[in-house]
Every structure is written in C-alpha cells, then in structure tokens.
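Using my numbering, read the sequence shown as starting at 29 and increasing by one per residue. Working notes for the structure below.
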Amino acid sequence: MDKFAALNNIENYTDKFNETGFFPHAMQVFILANSNSLPIPKEILDAIEKGFAEWWKCDGKKPLEEIFNLKAGKGNTTVLAKGWKNLRNKRLFTIMAKLMFLGWKDRDASEVACRWLEEQYIANPEKYRWLKHANTGRKGDNDTQEKNFLSSDSLLKEKRNNKKLFAESQRDAAESMIFWDDQKKQTVEKFYRQLVNVSIEKENPKTTEELLKILVN
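Dropping the structure here:
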C-alpha cells in the first residue's frame, strides 16, 4: 500500500471511529499509520491512552475487553475478525485492481494476489499475522496446524460480495498508477509474474484517460 492510499484509509477509519466509537477502527488506524511510518492521529492516541489509564486506575482488575468494548463473537470469531478481514481484502483488492488495469484477467490477478499473501505471511508471520486467512487472533504466530491461506476462488467471491470495497481499491490503484510510465508498469508486472508459474493472457490495459475517469467517478 502506498503512502497516499494509507493516508486515505487512515482518514476513513478515523472518521468511522469518531462516528461510532468502535475501537477496532482505532486499532486499524494505529496499524496503518505505524506500519507506513505515518503520524498517528491524536484522537486515536487519546482513545488508547484513556483506555489504558482506566485499566491502570483499576489496577488491571477491569478487563480490557470491557474498557475498549471488545466482545468476543460466537465460536472462533472475534469482534476483530471483520476489521482484519476488510483490511486484508483491501490490500489484495488493490493488487488485483492494479493488475487488471494492466490488462490481466481477474482470475490471474486473484491467483497472484493470493500468492503474494502467502509469501508475506511465510516471510514474516509476526508482522503479517493479520493477513492470514481466517485468522481469529486467538492462536499464536507459531501455530503450524492452520495454514489455510486464501484461495483464488475465495478471493473472487470476496470481490463479488464486497463491491464497494473493491471500488475503493480500484480508486486507490488508479491514483497510484496515474503517472506510471511503461518501465514502471513492466517492473510491477515482472514482480508479480514471478510469484506464479502460469501463462498470463492480457486484455486491453487501461489508458491514462480511463484511470482518470475512475478517479472522478
């Protein structure tokens, strides 16, 4: 995710947190800002400080789940699962959108995005723990029993079921690609091609004018 896309997401989730008080939105802002070396909004830091100050005042006797209003869901799902899933999908959708704008079919783009996800988690499971498919936040990073990474079919289903989020990802992709020259496009394609051993059939790539229309709309 480039800095512009990260800033856009930080602003969106900060607004959502201010509107709803839903603490996982604040956590998403913190992660996005910290992982991209961007400043963390004051209201997010204030919310974190307020929560831990209350916890400290109660000598740790009041659960953090209660302080931050984090209630576990049914079965293996937690209140955090949806937030992490949306963040993961946004990252993968943006990769897909860039490749599709370069002329790739959505099936090939989804295969590459899923492979990228797997590579990131294997290379750095602690940093990218939240990217892992179906991660509930309850198992440790060293758990070896569950390696069920997202499949291409599952990602395409997520795309169909999350049209608004995919549209946001398309705008992010168009924003970052608007000034790409041919060399930049070739470099990006080369990077993603090496992740999969399949022949990529390309269709008509988007022109600069078409990318601008996506941004305007």
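Backbone N, C-alpha and C fix where the C-beta goes; we use that ideal spot for every residue, glycine too. Note that the coordinates shown come from a computational prediction; the quantities given were computed from them, not determined experimentally.
What is the DSSP secondary structure of residue i, reduced to helix, strand or coil?
i: LYS133; result: coil
i: GLN222; result: coil
i: ILE242; result: helix
i: PRO67; result: coil
i: ASN46; result: helix
i: GLY88; result: coil
i: ILE38; result: helix
i: TRP208; result: coil
Using the rule of at least 16 other Cβ atoms within 10 Å of the residue's Cβ for burial, across every protein chain shown, is residue i buried or exposed?
i: PRO91; result: exposed
i: LYS118; result: buried
i: GLN211; result: exposed
i: ARG188; result: exposed
i: THR122; result: buried
With DSSP as the reference, identify every bridge partner of residue i, one or two as the case may be.
i: LYS230; result: TRP132
Rounded to the nearest angstrom, what separates residue i and residue j at their Cα positions?
i: ILE206; j: LEU130; result: 12 Å
i: ASN46; j: GLU93; result: 19 Å
i: PHE50; j: PRO69; result: 16 Å
i: LYS44; j: ILE95; result: 19 Å
i: VAL216; j: ASP87; result: 52 Å
i: ASP171; j: LEU115; result: Annotation note: pLDDT 45 at ASP171 (below 50); position unreliable, no value reported.
i: ARG199; j: LEU120; result: 14 Å
What is the C-beta distance between residue i and residue j, in whole angstroms, given that I count them as a contact (C-beta under 8 Å)?
i: TRP144; j: LEU223; result: 6 Å
i: SER180; j: ARG135; result: 7 Å
i: ALA54; j: ILE72; result: 5 Å
i: ALA34; j: ASN64; result: 4 Å
i: PHE32; j: GLU238; result: 19 Å between Cβ atoms; not a contact.
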